[in-house]
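Following: one structure in structure tokens, then a few remarks.
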Amino acid sequence: AYILAPEGLKVGMKVMSGASAEVRPGNCLPLSEIPVGTMVHNVELHAGKGGQLVRAAGNGAQLMAKEGKYATLRLPSGEMR
Numbered sequence: 001a002y003i004l005a006p007e008g009l010k011v012g013m014k015v016m017s018g019a020s021a022e023v024r025p026g027n028c029l030p031l032s033e034i035p036v037g038t039m040v041h042n043v044e045l046h047a048g049k050g051g052q053l054v055r056a057a058g059n060g061a062q063l064m065a066k067e068g069k070y071a072t073l074r075l076p077s078g079e080m081r
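Counting from 1, one number per residue, gives the positions in the sequence shown under the UniProt record's numbering.
Below, the structure written as structure tokens:
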């Protein structure tokens, strides 16, 4: 398996996955556990389906809001989704 390497991730750094992981480059968390304003990439539209948004090198989306089970992202195109 592989992960998309975000800016700031260096060889030898540990990456963690799950709701209890720290918010750090390379870690994988549910959007519900990430603070508003954080830059994210490789976002799943539906849990378990795999990353579908913001996968291209150098791109990131900003988490703008969270309400219930939904989150709003500002995509690199400027679209709010």
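Built from N, CA and C at the ideal position, the CB exists for glycine as well.
Computed from a prediction, not measured in an experiment: that's the story for all the values here.
Backbone CA spacing between residue i and residue j [nearest angstrom]
{"i": "V54", "j": "G78", "result": "12 Å"}
{"i": "G18", "j": "S32", "result": "11 Å"}
{"i": "A61", "j": "L29", "result": "15 Å"}
{"i": "H46", "j": "Y2", "result": "20 Å"}
{"i": "K14", "j": "G51", "result": "20 Å"}
Closest Cα partner of residue i within the set the options
{"i": "M16", "options": "L9, G26, K10, G8", "result": "G26"}
{"i": "K10", "options": "S20, R24, A19, G18", "result": "R24"}
{"i": "A38", "options": "A65, G51, M80", "result": "Looking at the sequence provided, one finds Thr at residue 38 rather than Ala. With distances taken between Cα atoms, T38 lies closest to A65."}
Simplified DSSP state of residue i, which is helix, strand or coil
{"i": "S17", "result": "strand"}
{"i": "L31", "result": "helix"}
{"i": "T72", "result": "strand"}
Any non-hydrogen atom of the ligand GTP within 7 Å of residue i CB
{"i": "V40", "result": "The ligand GTP is not part of this structure, which contains no ligands at all."}
Burial state of residue i (16 or more Cβ within 10 Å)
{"i": "H41", "result": "buried"}
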